[in-house]
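Enquirer: Under the working numbering, think of the first position of the sequence shown as 217, with each following residue one higher.
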Amino acid sequence: MFWLIASTVVGAMMATGMIFIRMRAAKRPASIRKIILPPLFMSTGALMFVHPLFRVEWLQVLEAMSVGVLFSFFLIKTSNFVVRSGNIYLQPSKAFIFILIGLLVFRIIFKLIIGQNVSFGETSGMFFLLAFGMIVSWRIAMLLKYLKIERELQES
217 MFWLIASTVV GAMMATGMIF IRMRAAKRPA SIRKIILPPL FMSTGALMFV HPLFRVEWLQ
277 VLEAMSVGVL FSFFLIKTSN FVVRSGNIYL QPSKAFIFIL IGLLVFRIIF KLIIGQNVSF
337 GETSGMFFLL AFGMIVSWRI AMLLKYLKIE RELQES
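(1) So what's residue 332 in DSSP terms, helix, strand or just coil?
(2) Does residue 339 pass the burial test, meaning 16 or more other C-beta atoms within 10 Å, or should it be called exposed?
(3) Confirm, please, whether the CB-CB distance from residue 280 to residue 349 is below 9 angstroms.
(4) Identify the residues that DSSP records as bridge partners of residue 305: which are they?
(5) Rounding to the nearest angstrom, what Cα-Cα distance links residue 256 and residue 228 in this structure?
(6) Out of curiosity, what's the CA-to-CA distance linking residue 297 and residue 366?
(7) Three-state secondary structure (DSSP) at residue 225?
(8) With a threshold of 6 angstroms on Cβ separation, who are the neighbours of residue 359 within its own chain once the five nearest residues in sequence on each side are excluded?
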């Protein structure tokens, strides 16, 4: 029970941090580097799978990554760019905050349900893979949108 509460609190803090980071990022021009780096930094978390406690079966990997890609559609739809003063900016979306909170609530409920049948380590590994699948597909979509706008700016 302690780990469930602790991981939920950490998840809530991370979601809150993401909201503030996203709001600050909207004040500065976007770049390819700013789009690509977060998934690269997050990928270091895969080192958790070195420890046997966190290892999951390949079917669970596929399930978690698939759910992450599905969830990314909400983020993809609310992530748009605008051009101001010849620079490309990420347009702030109020829906982003509600999507993050909704995902956090879903995560807590889902964790309560599967946490009774799946070990803490496996659950942690699956949620990491879900989040990684979500951020990678979201950032790829953002990169494609950014590159399209950048190309249009260079052509005009």
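Yeah, the Cβ is synthetic: ideal placement off N, Cα and C, and Gly gets one too.
Expert: According to the structure data:
(1) On the sequence shown, position 116 is the one that residue 332 refers to. Coil at residue 332, not helix or strand.
(2) In the sequence shown, residue 339 corresponds to position 123, counting from 1. It counts as buried.
(3) The residue given as residue 349 occupies position 133 in the sequence shown. The residue given as residue 280 occupies position 64 in the sequence shown. In this structure, residue 280 lies closer than 9 angstroms to residue 349 by Cβ.
(4) Taking the first residue of the sequence shown as position 1, residue 305 is located at position 89. Note: residue 305 sits in a beta bridge opposite 245, 298.
(5) Locating residue 256 in the sequence shown gives position 40, counting from the first residue. Locating residue 228 in the sequence shown gives position 12, counting from the first residue. If I take the Cα positions, the gap works out to 22 angstroms.
(6) What you label residue 297 is simply residue 81 of the sequence shown in a count that begins at 1. What you label residue 366 is simply residue 150 of the sequence shown in a count that begins at 1. Roughly 10 angstroms between the two C-alpha positions.
(7) As a first step, residue 225 is located in the sequence shown; it is residue number 9 there, counting from the start. Here residue 225 sits in helix by DSSP.
(8) Counting from 1 along the sequence shown, the entry for residue 359 is found at position 143. Here the set comprises 251.
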